[in-house]
Amino acid sequence: MLTAFHNKKKYVLGLQMEETKENLAYKGVVERLTLGITRILESMPGVVDVRFAERDPADKRSLLSWEQKNGCILPEDLRDFYLTIDGFTLTWSVKLDNECVPLGSMVINSVTRLCPLLQPVSVFSLPNAPSLADLDWEDSSTERAPDHTAPHFDARSRIFELDSCGGNGKVCLVYKNCTQGVVAQQSEIWFLDRSLYWHFMTPTFTAYYRLMITHLGLPEWHYAFTPYGPSPQAKQWASLYQPLTYNCDSSPAESTDYFRNKLDPTLAFKGKSKTPTPKKKQSAQCSSGATIKPQGNTGKHSGAKR
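In terms of UniProt numbering, the sequence shown is numbered consecutively and its last residue is 306.
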């Protein structure tokens with residue numbers, strides 16, 4: 001009996017140790033995958049409920065099926081990402097008045113949800129029904145770099161949604177200069193705002209992924225790469241939870257400090273300290289000289305009288 005009991009106890013302890021090793025190994029993978037952002041968020045004041053969705057890697061068959069279906073070759077960095085984890089979801093909240101308010105959200109759609117932005121026209125739709133292709137026109141008033149021409153809503157571009165941004169826009173994987181029947185290979189990351197205007201973000205998926213981690217998934221952080229920037233409410237959240245240091249020369253908003261109030265005490269309270277002005281000193285000297293002159297005059301008058 002004792003021998004069987006000890007053997008059973010050793011077996012249970014062995015299972016617990018294996019489970020502990022697996023948890024530590026998984027935490028190490030998550031730590032490297034999230035670049036340590038979970039620890040940074042948990043150390044911030046007021047941040048609660050940091051959640052990272054556990055997902056299995058995507059198999060190569062599903063990636064190959066996606067490429068054959070859409071006529072595009074996934075970029076190598078995005079392919080490696082999907083072979084590590086099939087999609088990415090990290091959310092965090094803040095505690096306000098004993099209530100948890102969802103705030104940060106970092107999302108990368110899985111392979112099955114990497115759907116085309118332009119869905120095929122249904123056979124039941126009207127012949128003259130409006131579509132996004134009707135909005136495809138060249139804006140000559142906006143200057144762009146030659147390599148950053150905006151994508152088109154027609155067959156010239158193949159666009160796939162990476163993140164819906166909570167309804168504030170869409171982050172898309174874009175293949176430009178496409179030809180029907182030819183497999184597209186070169187891709188970029190673009191942001192489509194709510195007014196259906198395109199904004200270039202990064203040339204590679206890896207650069208965008210780091211950018212997403214850097215901005216902590218704050219609301220409307222993508223609008224920092226637009227000429228008009230985020231909303232005032234989003235700026236207030238960003239002032240409380242400042243994104244990690246990042247400098248981008250191509251961004252219209254070069255620094256996230258542009259909306260902060262900058263106070264210089266030496267200038268704001270300059271008039272508080274009263275210092276004697278030169279005019280007062282001159283008046284004091286004149287008054288002292290005036291007191292001396294009457295004495296000399298009195299001496300002259302006295303001499304004259306003598």
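We treat Cβ as the ideally placed atom computed from N, Cα and C, and that holds for glycine. As the structure is a computational prediction, the values presented were derived from the model and not from experiment.
With respect to P203, K176 sits apart: the two C-beta atoms are not nearer than 9 angstroms. Apart from the 5 residues on each side of it in sequence, F52 sits with its Cβ closer than 8 angstroms to the Cβ of V30, T34, T38, T89, L90 in its chain, given in chain order. Distance between K69 and L114, taken at the CA atoms: about 12 angstroms.
Contact between C172 and L218 fails: their C-beta atoms lie close to 20 angstroms from each other, not under 8 angstroms. DSSP places Y175 in the uninterrupted beta strand (DSSP E) bounded by 170-175. If you draw a straight line from the Cα of N168 to the Cα of L196, it is about 11 angstroms long. Closest by C-alpha distance to E99, out of D49, W198, D193, I213, is D49. In chain order, S93, V94 place their CB closer than 7 angstroms to the CB of V101, counting only its own chain and leaving out the 5 sequence neighbours on each side. Contact annotation, I85 with R55: C-beta distance approximately 5 angstroms; criterion of less than 8 angstroms satisfied. L162 sits in a strand when the DSSP states are folded into three classes. Of all alpha-carbon atoms in F225, T226, L216, the one lying nearest the alpha-carbon of W237 is that of L216. Around the beta carbon of R194, a 10 Å sphere encloses fewer than 16 other beta carbons of the protein chains shown; the residue is thus reported as exposed. Judged by DSSP in its simplified three-state form, G104 adopts strand. Closest in alpha carbon position to W66, among W221, T112, R156, is T112. Excluding five sequence positions before and after F191, the CB atoms of its chain that fall closer than 7 angstroms to its own CB belong to G169, V171, H199, M201, H222, F225, given in chain order. In this structure, the beta-carbon distance from Y209 to F81 falls below 9 angstroms.
Shown here, P232 sits in a helix according to DSSP, grouped into three states.
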